[in-house]
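Number of protein chains: 2
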Amino acid sequence: MSEPLPVITAFRWVPDFVKGHVRDVRVRWALEEVGQPYQVRLVDGVSVKAAEHRCLQPFGQVPTYEQDGFTLFESGAILLHIARTRSGLLPADPAKAAAAEQWVFAAMTSVEPAIMDLGLVNVFEADQPWAEARRPLSVKRVRGRLEDLSKRLGDKPYLEGEFTAGDLMMACVLHGLDGTGLLADYPNLDAYVARCRSRPAFRRALAAHLADFDQTPPLAA
Amino acid sequence: MSEPLPVITAFRWVPDFVKGHVRDVRVRWALEEVGQPYQVRLVDGVSVKAAEHRCLQPFGQVPTYEQDGFTLFESGAILLHIARTRSGLLPADPAKAAAAEQWVFAAMTSVEPAIMDLGLVNVFEADQPWAEARRPLSVKRVRGRLEDLSKRLGDKPYLEGEFTAGDLMMACVLHGLDGTGLLADYPNLDAYVARCRSRPAFRRALAAHLADFDQTPPLAA
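First to last, the sequence lines map onto chains A and B. Here the first sequence stands for residues 1 to 221, numbered as in the numbering used here. Here the second sequence stands for residues 222 to 442, numbered as in the numbering used here.
Here's what the structure looks like:
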C-alpha cells in the first residue's frame, strides 16, 4: 500500500445493549465489503465531546474517517465516499448507482427516524410517564414504513437485485428493531436483514467492532 | 434542449401551515441553482398513496424525479443526483465535494430528526396529554444540535465557505423551526438561513412551489 490506511473512530466502551448498534459498524462493514484495511482510534464518552474531536465531528459523535489529511463525518457520507472510491458497493452504471444511493437516504431519512422514535419510547424515555401511552403511535409509524418497504422488496434478495450500499445501510437501520419483535411480522424483511448480516464482510466487521471494546466500564461510567 | 425536461412531483393542495415545507422545495431549489428547467406533475393525497405513484416512491410521498426513463425518489438522493450531474452545487474537487455531501447527511440525519420530534410535540401530537411534558426534552435535543452547528459555522457565510448542496439542505431543515422561536437564540444560524433563503434560486423555487397550489382544498380534505 502506498497510501496510508484510513483511520476511523469508535467507542472504547459502551453498555452491552448498545454493542452492535454504534454507527462505526456501518463504516467497518463498508470497508470490509470493498477489501480496504483500516485502523481504529478508540475514543471515550469524554474525549468524543472535547474540542479536538469536534474538529472532526461537530456533534461529538462517532464514527469519523481520516485518510492522508482528508477527513469526513456522518456514517452515510462516509459510506458513499467509500462506495464511490472503491468497487463493490455501487454499480458502475451511474443511473444504477443513483438508485442504490437513494436507498441509503431511504434507510436514514424515511425509515430510521420512525425506528429512532420507537427507541425513545422503549429506551431513552422508557421511564417517562407517557411512554406506554405513546408506544402505539410510534409502533404504527414504524409498521407503516415496514409495510411499504416489505412490498417494495417483494421476493428480491436485495432492494435493487444486487447487494449495494443501500442494502448495507437499510440492514443496519432495520437492525435497530432488534428486540422489538416487529420485524418478524414481515418475513421477507426479516430474511433480508439476516441475508445481509450473513455476508462475510459483515461478520468480520461485527467481530472487529465487538473485539475493540474494553471489558470493563471506565470509572466515570 | 435535446434531453426531455426532468419531471418532479408536488402536491396539488396542502394546508397553509405546510406550504413552503414540502420537500419538493428542496428539489426545485436545486434545479434553480444549476439552471435546469423542469416540469411539475401535481398529485393529491389519494393518488400519492396509489400503486402507480408507489412504483416511483414506495412510501407514497413527494417529491419524485423522472427524466428520460430514469427515476429517483428521496429528496436527499435527488439533490445529490442534480448536484453531481450539473455544476453549481458541489465543488469540482472530490474531497471538497465529499465535505459538502457530508452536510447533506448532517442536515437530514443529525439535525432533522430532532426537529421532526419537536414537530410531533408541537403539531402532530399537540393534542396528546403528554405534549407539554415532553416538550422540554425535545427542545433540549434541538438546542444541542443548534449549539454544535452554530459553533461549527462560526462567522463563515456557508458551512464550507462557499454555498453548496449541504447548505441548501441545512437551510431547508432549519426552516422547519419556523414559528418555534428557537433559531433566534443562535444569531449566526438565523442569519445563515436568511442568507441561504435570500438567494435568487431559492426565491424562484419558493414562488413556483406556492404558485402550483390550488387555492381550494379537494372535497375529501
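C-beta atoms are modelled at their ideal positions from N, C-alpha and C, and glycine is treated no differently. It should be emphasised that the depicted structure is a prediction, and the values quoted were computed from it without experimental measurement.
Going straight from the alpha carbon of residue i to that of residue j, what length do you get?
i	j	result
V228/B	L427/B	17 Å
D209/B	L137/A	In the structure as shown, chain B starts at 222 and stops at 442, and residue 209/B therefore has no counterpart that could be examined.
L243/A	A429/B	This structure gives no information on residue 243/A, because the portion of chain A shown stretches from 1 to 221.
G166/A	E160/A	9 Å
E224/B	A251/B	18 Å
D190/A	P378/B	46 Å
A304/B	L310/B	5 Å
D444/B	P94/A	The question about residue 444/B has no answer, for chain B in this structure spans 222 to 442.
P236/B	K19/A	43 Å
Y38/A	W103/A	25 Å
A271/B	V261/B	18 Å
Q436/B	W234/B	8 Å
A328/B	G402/B	19 Å
P218/A	S150/A	42 Å
H242/B	L263/B	16 Å
S419/B	G290/B	34 Å
C172/A	T85/A	21 Å
V248/B	I299/B	7 Å
G365/B	V332/B	9 Å
F434/B	D212/A	54 Å
N409/B	R416/B	10 Å
F326/B	P334/B	11 Å
V139/A	R425/B	39 Å
D369/B	F232/B	34 Å
C55/A	C276/B	42 Å
P129/A	P350/B	11 Å
F17/A	E322/B	31 Å
Which residue from the options puts its Cα closest to that of residue i?
i	options	result
E33/A	M169/A, W103/A, N188/A and Y192/A	M169/A
T109/A	R134/A, S75/A and E66/A	S75/A
T9/A	D16/A, G45/A and A114/A	G45/A
V363/B	A271/B, V235/B, L339/B and V344/B	L339/B
I115/A	L146/A, R197/A and Q57/A	L146/A
D516/B	P279/B, P236/B, N343/B and E322/B	Examination of residue 516/B is not possible in this model, given that chain B is present from 222 through 442 alone.
Q257/B	S308/B, Q278/B, A392/B and E333/B	S308/B
V246/B	D289/B, G397/B and V360/B	G397/B
F59/A	R356/B, L374/B, T292/B and C276/B	L374/B
F163/A	P200/A, Y186/A, G181/A and T180/A	P200/A
Y413/B	P439/B, D376/B and F238/B	D376/B
A320/B	L72/A, G144/A and F105/A	L72/A
In chain A, which residues lie less than 7 Å from residue i when you measure between Cβ atoms?
i	result
T330/B	E74, G76, M108 and T109
F326/B	E74, G76 and A77
E322/B	A77 and L80
P334/B	P113 and M116
Looking only at its own chain, which residues have a Cβ that is under 6 Å from the Cβ of residue i, when we skip the five neighbours before and after it?
i	result
E125/A	A131
F423/B	W250
E66/A	V7
L174/A	V193
A221/A	Unreliable placement is indicated for A221/A, whose pLDDT of 47 sits below 50; no coordinate value is reported for it.
Which residues in chain B sit within 8 Å of residue i, going by Cβ to Cβ distance?
i	result
A95/A	F291
Cβ closer than 9 Å: which chain B residues qualify as neighbours of residue i?
i	result
A133/A	Q349, P350 and W351
Name the chain A residues that come within less than 8 Å of residue i, Cβ to Cβ?
i	result
R366/B	F59
With a threshold of 7 Å on Cβ separation, who are the neighbours of residue i within its own chain once the five nearest residues in sequence on each side are excluded?
i	result
R23/A	V62, P63 and S75
R134/A	V121
A318/B	L311 and P312
L226/B	P258, Y259 and Q260
Y186/A	L146 and S150
Q57/A	T64 and F73
Below 9 Å on C-beta distance, what does residue i contact in chain A?
i	result
L370/B	P58 and F59
Run through chain B and tell me which residues come within less than 7 Å of residue i, C-beta to C-beta.
i	result
R152/A	P279
A224/A	The displayed coordinates of chain A run from 1 to 221. Any statement about residue 224/A would go beyond what the structure contains.
To which residues of the same chain is residue i closer than 8 Å at the C-beta, ignoring the five residues directly before and after it?
i	result
S47/A	H53
L431/B	K240 and G241
A184/A	D190
For a minimum of 4 consecutive residues, which ranges assigned as the alpha helix (DSSP H) are wholly contained in the stretch 114-155 of chain A?
131-153
By the 9 Å beta-carbon criterion, what residues does the stretch 32-47 of chain A contribute toward chain D?
Protein chains in the displayed structure are A and B, and chain D is not among them.
Those runs of the alpha helix (DSSP H) which lie wholly inside the stretch 11-60 of chain A and span at least 4 residues
24-33 and 51-56
If you scan the stretch 193-220 of chain A from start to end, which runs of the beta strand (DSSP E) of 3 or more residues do you find wholly inside it?
Correct list: empty.
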